[in-house]
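Residue numbers (the UniProt record's numbering): 96 to 553. Backbone N, C-alpha and C fix where the C-beta goes; we use that ideal spot for every residue, glycine too. Everything on this sheet refers to the single structure shown next.
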Ligand code: GTP
Ligand code: MG
Ligand code: NA
């Protein structure tokens, strides 16, 4: 296979864009699955990962009669949420990827989180392809299932073609306003030299899907062989910590490079310190199936990058999403690795003035905690912090926050982002007079805290 010939890992492609532009539906269309319809409220709230073997991609691009000679074993695609409260997950997804697809709804043009995603991609210098999705919603669209976009467009009436061109021009102008040059992919002579390609698609009737896939793999093969060269150094990120019936606590990870084996000793960052454990089971969903959706898993003795993997091991209950996973090799000193694993955590902790006065903040993951601390530090907000925690709010957190009752009463407050408050914690808080504010959108915490301060002043 291509894997042995070229020794390249599969590129990781992140799908980003504003809420409801069709990111998950596009993946469903390629996978032949129905993940989107199973989502609560039709909203993606977790990072997902799907592995597409090279054979499936070739099959899907046959229509274009191009040589989709893949030098990579496949493609690992990461789905991200477009909803506003998940900036943190978009950032994590974009941090992992080699290339991205930025999805834009042709009927809406650029929206708030299209621009946010664009800025994340610019910041990391990540190349991306724009999927101009929902072309089937152009009035009078004639369905040409799974056809290349050029072929599908030729089948359309003059009116449809006119509406398409008008909307396309509008989107190109909107990108220009963001400092980005774009062009229809088959007219783009400048790809990689500053002009980004647009592929019109429909996730419902699949026009443009062959084009999107072909462009993706040709582009990565052409420009990224160095970046994609496989190496043995394990690079692995924890996406989620989940309890799975019959397995106990598991972690979903993205293996970006290297290889993992059953039985490997691993170290991950934990809430109460480094967790040293060994891999009991290495599981993946079947090819073309979504990691975040419950289903059956394939067991592996070893897995080579790039892959989305579910790891079963003892003691993962307090693992923190968004941190790195380390392997303890035969020549490694486990103490050094424990130190490395906790580094992310330490750097966040060190930013908090522990002896000073301030509120207590609590968030679901290390990444979201960092985002919250950054936000509280901005001059317009400027709320001092005296303590932090990760995970749901428990009695012990209320106790810690209550220290401020004697120092500075208004700071006897917990700002809780994307976590739950246990009943005992709420009862204790009410009893001693600690205020707990919860929100799943960061800036709502500021509004609540400000109202609280204004209230105390009156
Ligand atoms: P979030 O993950 O919540 O940000 O949304 P998303 O970008 O993943 O969009 P999703 O796949 O949930 O699709 C949103 C809605 O748009 C659903 O009702 C889809 O059926 C619909 N939709 C997505 N793609 C298309 C398309 O190409 N054509 C049409 N007509 N509808 C689409
Ligand atoms: Mg989605
Ligand atoms: Na959605």
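- [ ] On the DSSP bridge assignment, give the partners of residue 337 in chain order.
- [x] In DSSP, residue 337 forms a bridge with 345.
Open item on the list: For a test of your reading of the model: does the CB of residue 231 fall under 7 Å from any non-hydrogen atom of the ligand MG? Yes or no.
Closed with: No, Cβ of residue 231 sits at least 7 Å from all heavy atoms of the ligand MG.
Open item on the list: Three Cβ pairs or more, each shorter than 8 Å: is that satisfied between the stretch 214 to 233 and the stretch 285 to 293?
Closed with: Verdict: yes, contact present.
- [ ] Tell me, to the nearest whole angstrom, how far the beta carbon of residue 301 is from that of residue 124; I am working on the premise that it is less than 8 Å.
- [x] Correct: roughly 5 Å between the Cβ atoms.
Open item on the list: Any heavy atom of the ligand NA inside 7 Å of the beta-carbon of residue 285?
Closed with: Incorrect: residue 285 has no Cβ contact closer than 7 Å to the ligand NA.
Task: Check whether residue 361 and residue 349 have beta carbons under 8 Å apart - done: Their beta carbons are not under 8 Å apart, which means residue 361 does not touch residue 349 by this criterion.
Task: Chain-ordered residues, beta carbon under 5 Å from a heavy atom of the ligand MG - done: Summarising the contact set, residues whose Cβ lies nearer than 5 Å to any heavy atom of the ligand MG are, in chain order, 118, 119 and 139.
Open item on the list: In the DSSP assignment, the beta strand (DSSP E) including residue 512 goes from what residue to what residue?
Closed with: From DSSP, the beta strand (DSSP E) with residue 512 extends over 508 to 512.
Task: C-beta contact flag for residue 170 and residue 311 at 8 Å - done: Yes, they are a contact pair.
Open item on the list: I need the straight-line Cα distance from residue 106 to residue 318, nearest angstrom please.
Closed with: Distance between the alpha carbons of residue 106 and residue 318: 11 Å.
Task: contact_flag[the stretch 401 to 421, the stretch 449 to 466] where n(CB pairs < 8 Å) is 3 or more - done: Segments in contact, yes.
TODO: Would you check if the distance between the CB atom of residue 111 and the CB atom of residue 189 is smaller than 8 Å?
DONE: Taking 8 Å as the Cβ cut-off, residue 111 and residue 189 qualify as a contacting pair.
Open item on the list: For residue 178, count the other beta carbons within 10 Å of its own beta carbon; 16 or more makes it buried, fewer makes it exposed. Which is it?
Closed with: Counting Cβ neighbours within 10 Å, residue 178 comes out buried, since at least 16 surround it.
Task: the ligand NA heavy atom lying under 7 Å from the CB of residue 133 - done: Residue 133 Cβ: outside cutoff for every heavy atom of the ligand NA.
TODO: Report yes or no: do three or more beta-carbon pairs, one from the stretch 204 to 217 and one from the stretch 230 to 250, lie closer than 8 Å?
DONE: Taking 8 Å as the limit for Cβ pairs, the verdict is that the stretch 230 to 250 does not touch the stretch 204 to 217.
Task: Other residues of its chain near residue 274: CB distance less than 7 Å, five sequence neighbours each side excluded - done: So the list is empty, once near-sequence residues are dropped.
TODO: Quick one: using the 10 Å Cβ neighbour count with 16 as the cut-off for buried, is residue 528 buried or exposed?
DONE: Looking at its Cβ environment, which holds fewer than 16 other Cβ atoms inside 10 Å, residue 528 is exposed.
Task: Among 475, 545 and 434, the one whose alpha carbon lies nearest that of residue 508 - done: Looking at the Cα atoms, 545 is the closest of the given residues.
Task: Option nearest residue 366 by Cα separation, candidates 478, 457, 358 and 517 - done: Checked all of 478, 457, 358 and 517; the closest Cα to residue 366 is 457.
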